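Asker: First, the structure itself, so that you have it in front of you.
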Amino acid sequence: MHSVSEENYIKAIHHLQQGDDLVSTNEIAARMNTRASSVTDMLKKLADKNLAEYIPYKGSRLTQMGTDCATSIIRKHRLWEVFLVEKLNFSWDEVHEVAEQLEHIQSRKLIDELDKHLGYPRKDPHGDPIPDKDGNYEKTQQAPLSIVDVGTHVAITGVVDTSKEFLNYLDKHNIQLGTQLKVLDKEDFDGSVTVETPHKTLQLSRQIADNLFIKEQP
């Protein structure tokens, strides 16, 4: 059994790690909002438990055991988000912080039964894939709205930014998973994208367009 703090570090490294590349101590410190010295202490603990490889002055990467642990945490987090939205009527901007607490529950039977109770969902309320009990999950290439050509019809399939502020912005403009858009214009100067929604015409900044995953529609 791992501590909550250890699991949070494992998840942070998993998020930052690209392939087998090392993640620097400073990157982890920024992600965890803590001091580099505290990160070093934790990386040594994770290395002692064979959850991460730590190379002084270079960085760290997860071992297979650490990757499996990170995948389990992500699975629990995303299943709890589905449960909160579908069964307790939370909105998609309310679930992340609650799921951050629930993801540390250790009972595998509880999580497997939760998965069954929910009908084995494949994606969470933000469009992210949910690993199954063996750690497998659907890997799909998702494109951001910002790269789509003018005239293209798309549907929103996911979001990168799951902050309350960003999701509230989308709610304000009636943009949700599955919302159909047509790209009307793109500004070369600032990368903003003008779209037609089912309700109105809307100009989205490049930052917003980068944070919306889409699938092209016929």
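Everything in the sequence shown is counted per UniProt numbering, starting at 1 for the first residue and increasing by one.
Glycine included, each C-beta is placed from N, C-alpha and C at the ideal position.
For clarity, every value in this text was computed on a predicted model and none was experimentally measured.
Between the alpha carbons of G191 and D210, how many angstroms are there, rounded?
Answerer: The residue you call residue 191 lines up with position 191 of the sequence shown. The residue you call residue 210 lines up with position 210 of the sequence shown. Each residue's alpha carbon lies about 10 Å from the other.
Asker: With distances taken between CB atoms, is the gap from L184 to T157 smaller than 8 Å?
Answerer: Numbered from its first residue, the sequence shown carries residue 184 at position 184. Numbered from its first residue, the sequence shown carries residue 157 at position 157. Against a cut-off of 8 Å, the Cβ pair of T157 and L184 comes out as no contact.
Asker: Can you name the start and end residues of the alpha helix (DSSP H) that K11 belongs to?
Answerer: Looking up residue 11 in the sequence shown gives position 11. That run of the alpha helix (DSSP H) goes 4-16.
Asker: Do you know how far the Cα of K45 is from the Cα of I56?
Answerer: In the sequence shown, residue 56 corresponds to position 56, counting from 1. In the sequence shown, residue 45 corresponds to position 45, counting from 1. Checking the displayed sequence, the identity of residue 56 turns out to be Pro instead of Ile. If I take the Cα positions, the gap works out to 13 Å.
Asker: Output yes if chain B places a C-beta closer than 8 Å to the C-beta of K139; else output no.
Answerer: Protein chains in the displayed structure number just one, and chain B is not present.
Asker: To which residues of the same chain is L22 closer than 7 Å at the C-beta, ignoring the five residues directly before and after it?
Answerer: On the sequence shown, residue 22 is found 22 positions in, with the first residue counted as 1. Hits under 7 Å: I55, K58, G59, S60, R61.
Asker: Counting pairs of beta carbons, one from the stretch 6-15 and one from the stretch 26-46, are three or more of them closer than 8 Å?
Answerer: Yes: the two stretches touch, three or more of their Cβ pairs being nearer than 8 Å.
Asker: Expressed to the nearest angstrom, what Euclidean distance is found between the alpha-carbon atoms of E6 and N50?
Answerer: If you number the sequence shown from 1, residue 6 lands on position 6. If you number the sequence shown from 1, residue 50 lands on position 50. Computed Cα separation, rounded: 12 Å.
Asker: Within this structure, are the beta carbons of H153 and Q203 separated by less than 8 Å?
Answerer: Here residue 153 refers to the residue found at position 153 when the sequence shown is read from its first residue. Here residue 203 refers to the residue found at position 203 when the sequence shown is read from its first residue. No.
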